[in-house]
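Counted the way our numbering counts, the sequence shown spans residues 31 to 177. We put the beta carbon where it would ideally sit given N, CA and C, even for glycine. Here the structure is a predicted model, which is why all the values come from computation and not from measurement. Contents: one structure, followed by commentary.
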Amino acid sequence: MAVETEETMLVRVQAEDFSVDAEIDRVRARSTRIGGIATFLGTVRDRSKGRDVKLLTFEHYEGMAQKKLREIRERALHDFDVIEVLVLHRYGAIDIGENVVLIVVGAEHRADAFRACEWCIDELKKITPIWKLEETPDGEVWVEEHP
Numbered sequence: 031m032a033v034e035t036e037e038t039m040l041v042r043v044q045a046e047d048f049s050v051d052a053e054i055d056r057v058r059a060r061s062t063r064i065g066g067i068a069t070f071l072g073t074v075r076d077r078s079k080g081r082d083v084k085l086l087t088f089e090h091y092e093g094m095a096q097k098k099l100r101e102i103r104e105r106a107l108h109d110f111d112v113i114e115v116l117v118l119h120r121y122g123a124i125d126i127g128e129n130v131v132l133i134v135v136g137a138e139h140r141a142d143a144f145r146a147c148e149w150c151i152d153e154l155k156k157i158t159p160i161w162k163l164e165e166t167p168d169g170e171v172w173v174e175e176h177p
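What follows is the structure, encoded as structure tokens:
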């Protein structure tokens with residue numbers, strides 16, 4: 031098992047649920063210069079494209095998903111005026127209402143944090159090898175696009 035460092039805790043792909051407050055605190059603890067924190071929390075909803083959804087299952091390409099999330103974090107730290115970035119995505123079967131993905135960005139100012147946070151989730155959906163299977167009353171449907 032790999033040793034968990036603070037750095038590896040900032041980029042994670044995991045099956046377990048997470049505490050949004052604990053993850054925000056993890057970012058906040060990285061620097062007293064942080065004056066604004068922006069977050070994006072994705073959760074499982076019960077409808078998609080007019081269909082009822084009973085359950086979502088996320089599959090991922092192990093290793094590569096973690097690598098892509100790390101690249102997103104590193105690019106955000108380089109390209110935006112931010113202090114810290116956390117990127118976390120779950121895999122496996124996830125029930126309606128549960129947490130799926132969390133982006134937390136700390137910056138001196140809110141505008142920088144918001145811009146970086148939006149970019150991170152958009153980039154995650156574009157490049158990360160994580161796939162979503164919706165379980166509906168009519169069967170299972172793979173979601174192909176990443177809105």
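Within the same chain, V134 come within 6 Å of T69 by CB-CB distance, once the 5 residues on both sides are set aside. A residue is called buried once 16 or more other Cβ atoms fall within 10 Å of its Cβ, and K156, having fewer, is exposed.
Each of T87, T73, G169, A106 was checked against the Cα of A137, and the nearest Cα belongs to A106. With distances taken between CA atoms, G80 lies nearest to T166 out of W172, T166, E174.
If you check the CB distance, L154 and L86 do not come in under 8 Å. Taking a C-beta distance under 8 Å as the contact criterion, I113 and R63 qualify as a contact pair. The continuous stretches of alpha helix (DSSP H) do not include A45, and DSSP gives it neither H nor E. A residue is called buried when at least 16 other Cβ atoms come within 10 angstroms of its Cβ; Q44 does not meet this threshold and is exposed.
Among the bridge pairs identified by DSSP, K162 is matched with F88, V173.
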